[in-house]
Structure formats: structure tokens, C-alpha cells
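Just below is one structure, and these are the notes that go with it.
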Amino acid sequence: MRRILALLMTTALLPPLAAADTIITQADRAALSLTITQAGQALVRDRRTVTLDKGSQVLVFEGTSPQAQDGTAWLSGAGVQTREQAFAVGGIDAGRLLAGAIGSEVTVVWREGREERANVLAADGVPVFRINGRVVAGQPERVLYDALPESLRVAPSFVATVSSDSAGKREVELDYLAGGLDWTADYTAELAPAGDRLTLTSWATIGNHGGTEFTNAHLQLVAGELSRQGAPSLPMRAAKTLMATAEAMPAREELGPHHLYTIAQPVTLAAGERRQVALMAPASLAVERRLLLDGAPHHAWRGRWSDRGVLHPQAHISLRNTTGQPLPAGTLRVYQRGRDGQANLVGEDRLGPVPAGAAAQVSLGRAFDVTARRVQTDFQKVSAEISESAIEVRLANGGERPARVIVRESFGPEWLVLSESAPHTKDDAFTASWVIEVPAKGEAKLAIRARVKG
């Protein structure tokens, strides 16, 4: 009996065995949601089910994003308090394995095939081992490990020391910010044959270059420019498209100075993939086609200047956003059908954010048939500070339709138009513009005489 009591007392004095980490895998996931910005950052909300012991323990949340941002994690759950937390990058290679085994025993295999048990002392450069009481530095052929070092994780993980007020199954949620996820708006516009209307189709192109897959995620997209540090742009595979009916279009709400779109259906984003979801129902918008000829250089109005050749005006379409919805920033591609009924790309431009009811201008490229030449017909120095110049803008139209060209001239802060062959409009303190009609297969001319100071 005394021997039994002594054994029990000795056992009681021994330190308790360290509890194994509680691993929470992606198979334990109850829900996943992503709120993605247009600036390469996302809020990840990952809720999983776990069985906890009462008291202190270590939770390992496996399968987090490799681009999780330190200092942004928030672990929450009923009766759970977090005492310490960190993201473990994950991934294994020979160097990390050996460094993780410092202080532990491994089996080293030398080139001649001899195997020895060794204690790892150093891993940088040439490894250092303690073998049979001797310190040995050398590069073995192979290193055999009894187990994976505890400090290493195969996959990126979130590791937290927590305290639970009771034992049992419950849900915990890990929220964190991650890079590698972004989205942009892509617009497809079909221009009517008359060129006075277009049908606008809107898509959200979502990119995942964060290095991990997000399965059946509930998506929210934030439209607008958030204040944050930029993220690098990485190449991605070709986009996949998810069709959506009008009833399943994303719900939109205002979120501070931005707009939040909630996607109706869950989406799986594979690593390195782009995927498209419909952003809003197709809309018909009225447009106006314009040809814009940029102004002559400033010194053309301040000194003698020679014409530099044939110019082609920039072709634009102007539109007003009458969809009743804001148009997030993105790329707009304009198509028009030819006589054979096939749609052809006629222009592509970057569209900035366009609020509901606001106007926007889209460039389609240079006009092919309409050309212009500027000729300085007179110049004189009126005084030391004032110059007077006369310039003719000679326009030609080789197309089958009349063309309306907006000629724009920028004079500087102080200017006066002395004479003109058509009336001008003052756009701002520096700029004036003229609207010139050029007949089909014909020509037109604009003559301007102006004084400028400077």
C-alpha cells in the first residue's frame, strides 16, 4: 500500500503532458464570405466548427490565405478569449525542415551510405550536427526526420492560444484582411447602327492571385477608391463567366463614401483564376458621337510656327448615366455590327466612376476619314509681351457622312480672339472651342486671329 501511495504522489508531482494542438481544417468550415475591394485587398470571414477543451489550448486554423496581413486578425467565438495569435506562412522545403529541427535528433545519411543519429545544432550554410559526442560540420546526402517539426505548417495557417470557459462543440470565426483578391468592372457596349444609342452590359471581373482557393464563398464587392497602400498586379489565367438572371442581380447599398454589391450566388475562386459575374441588368443609353481636334501647341500663338502635317481628330462618344445606378470604374469596350450582322470592336477606353445621372466621355480612337491641317497665315509682335497670330484649320472629310468636328485651342491665361470665321465657346479661362460641320466628301475651314500675352 505504501508503495502504491508513493507512486501516486510521485505521479501527481510530475508536470502535466502538453496538450496537442487543436487543428481546424477547411472540412470544418461552416461559412465563408469575402468582401473584395477594387484595390487588391479583401476582408475574409471564415467560420468553422470546433470542439474545445475547457481552459487554455492552441488552435490551428488551417488553409488561410498566404497573403493574410499581420495585425488584422480577429478570432471570435462564444466563451473564447484569445491570448496570443499569429499567421504561419506555411510551406516546406529542405532548408526550413532542417532549421525547424534545431535541437532535435534526426538521421543523417552520408554519401557512402552510412547512417548516423545526430542532433541538429545549426542549419545555415553548412549544417552542424552533434554525433556521438563530437561536433560535425558537413553536408549529408539526405536527412531523415522522425516527424514534422512542430514549428512548421504544411499549409498557411492561423495559430492562436485561446482560453475557453467550457468544453464542447461551437463555432468560431476568423476575420482578417488579405491581399491577392481584387475586382474591376468590365462593360460591353453595343452601338446602334445610327450611332445614337448603345446597350450597356456590366460585369464584375473578380481576380484571385492570392495563392489559395476560396470555395463556395459569399461575395461582396466594394466599389470606390479606399485609402490604402497599393498592391502589385500579377498575371492570372483566363476569365470564367457566371451568367445571372435579372432576378439574381447583385443587391447594391451605400457603404460610407462607397457602394457595396452583394452577389446572390456563392462563388468558388480557384487560385490564379478570374471569374465574371453580372453586375447589373443591361441598359439602353442615349449617346452623342463627337470628333475632337486638340489645340495647337502654346508657342504657335506666341511665335512663328510651321504646320507639322496631317492630323486625325479623336473620335468620342458622350453619354449620360440614366441607368439609375452608379457605374463603378472599369474598362468599356464598344462594339458595332457590320452589314453581315457580326459585332466588331470599334473602341476601348478606361471609364472612371460615373455616378447616377452624371455624364461620361469614351474615346474610340482616331477618325480615319476626317483629317486636319493647321497653317499659320500671319504673325506679328504687337509689343514685348503681346503676340498676334492668325491660324487656319483646314478640315477634309473623305467619308460618306457629314462630320461635326470640335476644334479646341488653348491660348494660356490671357488671350483675346480678334476675328473668327465661326463663333467660339469659352470652355475655361485658357481654352476656346469651335464646332465645324464638314460635308461628306468635302472640306471646311476655320480661320482664327488672336492676341495672347506671354
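Take the sequence shown: its letters are residues -20 to -1, 1 to 434, numbered as in mature numbering (1 follows the signal peptide of the UniProt record, and there is no 0). The beta-carbon is built from N, C-alpha and C at its ideal position, and this holds for glycine as well.
Simplified DSSP assignment, three categories, for residue 288: If you number the sequence shown from 1, residue 288 lands on position 308. In the three-state scheme derived from DSSP, where H, G and I count as helix and E and B as strand, residue 288 is classed as coil.
Residue 181: CB within 6 angstroms of a non-hydrogen atom of the ligand FMN: For the ligand FMN, the structure offers nothing, since it holds no ligand at all.
Close-in-space but distant-in-sequence residues of the same chain around residue 27 (CB under 6 angstroms, 5 per side omitted): In the sequence shown, residue 27 corresponds to position 47, counting from 1. 10, 11, 151, 153.
Three-state secondary structure (DSSP) of residue 417: The residue labelled residue 417 in the question sits at position 437 within the sequence shown. The answer is strand: DSSP assigns residue 417 an E or B state.
Coarse secondary structure for residue 198, derived from DSSP in three states: Taking the first residue of the sequence shown as position 1, residue 198 is located at position 218. If DSSP states are grouped into helix, strand and coil, residue 198 belongs with the strands.
Where residue 7 falls: helix, strand or coil (DSSP): Within the sequence shown, the letter at position 27 stands for residue 7. It is helical.
Neighbourhood of residue 400 by C-beta distance below 6 angstroms, restricted to the same chain and skipping five residues each side: Walking along the sequence shown from the start, residue 400 turns up at place 420. Excluding positions up to five away in sequence, the list reads 428.
Other residues of its chain near residue 233: CB distance less than 6 angstroms, five sequence neighbours each side excluded: Translated into the one-based positions of the sequence shown, residue 233 becomes position 253. The residues are 240.
Alpha carbon of residue 159 to alpha carbon of residue 228, nearest angstrom: Residue 159 sits at position 179 when you count from the first residue of the sequence shown. Residue 228 sits at position 248 when you count from the first residue of the sequence shown. Each residue's alpha carbon lies about 28 angstroms from the other.
Cβ separation of residue 193 and residue 147, assumed to be a contact under 8 angstroms, to the nearest whole Å: Locating residue 193 in the sequence shown gives position 213, counting from the first residue. Locating residue 147 in the sequence shown gives position 167, counting from the first residue. Residue 193 to residue 147, Cβ: 33 angstroms. No contact.
Counted within 10 angstroms of its Cβ, other Cβ atoms place residue 13 as buried (16 or more) or exposed: Along the sequence shown, one-based indexing puts residue 13 at 33. Around the beta carbon of residue 13, 16 or more other beta carbons sit within 10 angstroms, so the residue counts as buried.
For residue 80, the first and last residue of its enclosing alpha helix (DSSP H): Within the sequence shown, numbered from 1, the residue matching residue 80 stands at position 100. 74 to 80 is the extent of the alpha helix (DSSP H) around residue 80.
Separation of residue 337 from residue 304, as counted between CA atoms: The count along the sequence shown starts at 1 and reaches residue 304 at position 324. The count along the sequence shown starts at 1 and reaches residue 337 at position 357. If you take the alpha carbons of residue 304 and residue 337, they lie about 7 angstroms apart.
Residue of 393, 331, 363 minimising C-alpha distance to residue 169: Position 189 of the sequence shown, counting from 1, holds the residue named residue 169. Proximity to residue 169 across 393, 331, 363 peaks at 331, based on C-alpha coordinates.
Contact check, residue 167 vs residue 157, beta carbons under 7 angstroms: Mapped onto the sequence shown, residue 167 falls at position 187. Mapped onto the sequence shown, residue 157 falls at position 177. The answer is no: Cβ separation not under 7 angstroms.
Per-residue burial, residue 417 [other beta carbons within 10 Å of its own, 16 or more giving buried]: Here the question's residue 417 lines up with position 437 in the sequence shown. With fewer than 16 other Cβ atoms within 10 Å, it is exposed.
Limits of the unbroken beta strand (DSSP E) element including residue 156: Start at 1 with the first residue of the sequence shown, and residue 156 comes out as number 176. It spans 148 to 159 - the beta strand (DSSP E) in which residue 156 sits, taken as one unbroken run.
Distance, residue 125 Cα to residue 219 Cα: As a first step, residue 219 is located in the sequence shown; it is residue number 239 there, counting from the start. As a first step, residue 125 is located in the sequence shown; it is residue number 145 there, counting from the start. Here residue 219 scores only 39 on pLDDT, less than 50, and its place in the model should not be relied on; the value that follows carries that caveat. If I take the Cα positions, the gap works out to 43 angstroms.
Three or more C-beta pairs below 8 angstroms linking the segment 43 to 50 and the segment 58 to 70: yes
Distance between residue 20 and residue 415 (C-alpha atoms, nearest Å): Sequence index remark: in the sequence shown, residue 415 carries index 435 (1-based). Sequence index remark: in the sequence shown, residue 20 carries index 40 (1-based). Straight-line Cα distance between these residues: approximately 43 angstroms.
Beta strand (DSSP E) segment containing residue 297, residue limits: Here residue 297 corresponds to residue number 317 of the sequence shown, with the count starting at 1. 294 to 300 is the span of the beta strand (DSSP E), which, as asked, contains residue 297.
Helix, strand or coil at residue 404 [DSSP, three-state]: For the purposes of this step, residue 404 is identified with residue 424 of the sequence shown, where counting begins at 1. Residue 404 falls in the coil class under three-state DSSP.
Collapsed DSSP secondary structure at residue 90 in the structure displayed: For the purposes of this step, residue 90 is taken as the residue at position 110 of the sequence shown. Looking at residue 90 - three-state DSSP - the assignment turns out to be coil, as it is neither helix nor strand.
Whole-Å CB distance - residue 253 paired with residue 188, under 8 angstroms assumed: To locate residue 253, count along the sequence shown from 1; it is residue 273. To locate residue 188, count along the sequence shown from 1; it is residue 208. Confirmed, about 6 angstroms.
Reference residue 274, options 7, 249, 145, 386, closest by Cα: Translated into positions along the sequence shown, residue 274 becomes position 294. Residue 274 has its Cα closest to that of 386, out of 7, 249, 145, 386.
Given residue 96 as reference, the closest of 123, 80, 83, 104 once Cα atoms are compared: As a working mapping, residue 96 is identified with position 116 in the sequence shown. For residue 96, the closest C-alpha among the options 123, 80, 83, 104 is that of 123.
Collapsed DSSP secondary structure at residue 48 in the structure displayed: Position 68 of the sequence shown holds residue 48. Note: residue 48 maps to strand in three-state DSSP.
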